[in-house]
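J.: Residue numbers for the sequence shown follow UniProt numbering, so the first one is 1 and each next one is one higher.
Can you read through this structure? Questions will come right after.
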Amino acid sequence: MGRTVVVLGGGISGLAASYHLSRAPCPPKVVLVEGSERLGGWIRSVRGPGDAVFELGPRGIRPAGALGARTLLLVSELGLDSEVLPVRGDHPAAQNRFLYVGGALHALPSGLRGLFRPSPPFSKPLFWAGLKELTTPRGKDPDETVHSFAQRRLGPEVASLAMDSLCRGVFAGNSRELSIRSCFPSLFQAEQTHRSVLLGLLLGAGRSPQPDSALIRQARAERWSQWSLRGGLEMLPQALNTHLTSRGVTVLKGQPVCGLSLQAEGRWKVFLGDGSLEADHVISAVPASVLSGLLPAQAAPLARALCAITAVSVAVVNLQYQGARLPVQGFGHLVPSSEDPGILGIVYDSVAFPEQDGSPPGLRVTVMLGGSWLQTLEARGSVLSQELFQQRAQQAAATQLGLKEPPSHCLVHLHKNCIPQYTLGHWQKLEAATRFLASQRLPLTLAGASYEGVAVNDCIESGRQAAAQALGSEPNS
Ligand SMILES: Cc1cc2nc3c(=O)[nH]c(=O)nc-3n(C[C@H](O)[C@H](O)[C@H](O)COP(=O)(O)OP(=O)(O)OC[C@H]3O[C@@H](n4cnc5c(N)ncnc54)[C@H](O)[C@@H]3O)c2cc1C
1 MGRTVVVLGG GISGLAASYH LSRAPCPPKV VLVEGSERLG GWIRSVRGPG
51 DAVFELGPRG IRPAGALGAR TLLLVSELGL DSEVLPVRGD HPAAQNRFLY
101 VGGALHALPS GLRGLFRPSP PFSKPLFWAG LKELTTPRGK DPDETVHSFA
151 QRRLGPEVAS LAMDSLCRGV FAGNSRELSI RSCFPSLFQA EQTHRSVLLG
201 LLLGAGRSPQ PDSALIRQAR AERWSQWSLR GGLEMLPQAL NTHLTSRGVT
251 VLKGQPVCGL SLQAEGRWKV FLGDGSLEAD HVISAVPASV LSGLLPAQAA
301 PLARALCAIT AVSVAVVNLQ YQGARLPVQG FGHLVPSSED PGILGIVYDS
351 VAFPEQDGSP PGLRVTVMLG GSWLQTLEAR GSVLSQELFQ QRAQQAAATQ
401 LGLKEPPSHC LVHLHKNCIP QYTLGHWQKL EAATRFLASQ RLPLTLAGAS
451 YEGVAVNDCI ESGRQAAAQA LGSEPNS
């Protein structure tokens, strides 16, 4: 009888793992188990008036690097090339990003010349921060918070305005708690290897082998900064689902896994609400905290390491305005915590992807809310109503972008515990988990946003690596 691999969680990580398992030369029997009624996890696109597309989760994927290229390869393999909407390098959404500080929008400097010009909200040209970086000795700690790393190497202004905002934009998190080693491994490694982040970035980390395809070559030639799909990013999980079904993968939806137990012969029993499955290997692509609650007593040390990986919530408010214009053209702006503890930033969706504006076209922006403001409300057990988020988002759009008329369309979603937080010492939790899995020879592989990167590219790569491990092979580059 052939082997059975059960994949837990039908977000992009679990779908990617199932995809790579199904394409092995001698594929095992694959069962993908998703707790909710739909696949895709946080990737969700909905249609609004005039067929406009509203992203409730991710809205753009970066094509850069080996991981970006592999995702583009996947897109081509799924036959989605003609659906890709690129943001080319010469487009304002690729070139302009803003910070909202002191009640005004400030363009972040771009290009080498920008470093020598005064660039408010920073009091001096960023060249000076660069000079400090080049002359600062290498750090000695095995990990450091993003804030402390940035303050030590680039000075207090870059730490409290730029890196604070970046942590809010990517992780909806606090730069004083997040780990530089786990959140921005390329910066951490650059310092370790070259003593300086700038030198490291200039000299490069050595190019890893990259796949090649017509789409990847096009993305490189046109210097895409990101891309989406015509009908929204949810087209990607939908296409994966179609592919998996055609390859004979069993996809179970609406079946939350409620426990795992180890059988005498080293196989798993996976408990569902109304039955169970047997598996030779389990790939977990559910959040670490969820897996921690499913593990049997023999795996208590692993469960302890996993439940220490927490996540924060984000409220996503999609707004559409008729006949309105933005004061600036760009990808969007970020808001440092010192300016507003609750507004993480605003994405100008219509600038990057006007094709999704609907007919007649309306201006789409998305306000992201979270940070200490939301954490405090959650901790107090306050009523988190749709009206509260809508009002706060509309107010931010009015004050920060001059969008004072009421929106013609509004969607409000509170995504609870949606972004894992790689806090100081996250690497030790991963090491403890890896050590336990190896020492116990458990047929279990971890994938997903909880571990080594939250971006869609990272999640797809984690699924690919997990599939290779379950198959007992090295992943192809
Ligand atoms: C608001 C927001 C905006 C983002 N923007 C971007 C962006 O622009 N670009 C980018 O690259 N990334 C972005 N990200 C990050 C990225 O979208 C996520 O990190 C990624 O989609 C996570 O995928 P995943 O499969 O690891 O986890 P999830 O999407 O969380 O999937 C896990 C799945 O497991 C299922 N599950 C949970 N418990 C069980 C159980 N007991 N049994 C069975 N199934 C279960 C869940 O229902 C879910 O479907 C964003 C994330 C959010 C929340």
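Don't be surprised by glycine CBs; every beta carbon is placed ideally from N, CA and C.
Name the DSSP bridge partner or partners of Phe271?
T.: Gly259, Ser276
J.: Please state whether DSSP places residue 500 in a helix, a strand or coil.
T.: Shown here, the chain extends from 1 to 477; a query on residue 500 therefore has no answer.
J.: Candidates Pro209, Gln440, Arg59, Leu403: which alpha carbon is nearest Tyr321's?
T.: Each of Pro209, Gln440, Arg59, Leu403 was checked against the Cα of Tyr321, and the nearest Cα belongs to Leu403.
J.: Identify which residue in Val46, Leu437, Ser228 has its Cα closest to the Cα of Ala93.
T.: Ser228
J.: Taking only heavy atoms of ligand 1 into account, decide whether any of them is closer than 6 angstroms to the Cβ of Trp42.
T.: yes
J.: Is DSSP giving Cys410 helix, strand or coil here?
T.: strand
J.: Using the C-alpha atoms, what's the distance from Pro49 back to Val197?
T.: Cα-Cα distance, rounded: 46 angstroms.
J.: So, at 7 angstroms on beta carbons, what are the nonlocal neighbours of Ala397 in its own chain, with the 5 sequence-adjacent residues on each side left out?
T.: Leu319, Ile346, Val365, Val367, Leu403
J.: Assess contact between the stretch 117-137 and the stretch 169-186, defined as three or more Cβ pairs (one per stretch) separated by less than 8 angstroms. Is contact present?
T.: no
J.: Under 6 angstroms from any heavy atom of ligand 1, does the C-beta of Val286 make it?
T.: yes
J.: With H, G and I counted as helix, E and B as strand and the rest as coil, what does DSSP make of Ala172?
T.: coil
J.: Closer than 6 angstroms: is that where the CB of Ile12 sits relative to any heavy atom of ligand 1?
T.: yes
J.: Candidates Ala305, Asp143, Glu405: which alpha carbon is nearest Gln391's?
T.: Glu405
J.: Determine the burial state of Lys416: buried for a count of at least 16 other Cβ atoms within 10 Å of its Cβ, exposed for fewer.
T.: Classification of Lys416: exposed, given that the 10 Å Cβ count is below 16.
J.: Compute the beta-carbon to beta-carbon distance between Gly11 and Gly41, rounded to the nearest angstrom, for a pair I have assumed lies under 8 angstroms.
T.: The pair is a contact, with the Cβ atoms about 2 angstroms apart (cut-off 8 angstroms).
J.: Please list the segments of the alpha helix (DSSP H) lying wholly inside the stretch 58-102, counting only runs of 4 or more residues, in order along the chain.
T.: 65-77, 92-95
J.: Using the DSSP secondary-structure output, state which residues sit across from Asn318 in a beta bridge.
T.: Thr366, Leu411
J.: Can you tell me whether DSSP reads Cys418 as helix, strand or coil?
T.: strand
J.: Are the CB atoms of Gly254 and Val314 within a distance shorter than 7 angstroms?
T.: no
J.: Following the continuous alpha helix (DSSP H) through Thr434, name the residue where it begins and the one where it ends.
T.: 426-440
J.: Starting from Ile460, follow the alpha helix (DSSP H) in both directions and report where the run begins and ends.
T.: 456-471
J.: Which of helix, strand or coil does DSSP assign to Trp224?
T.: For Trp224, the secondary structure class from DSSP, reduced to helix, strand or coil, is coil.
J.: Which residue wins for smallest C-alpha separation from Pro336, given the options Thr4, Ala52, Val456, Glu157?
T.: Glu157
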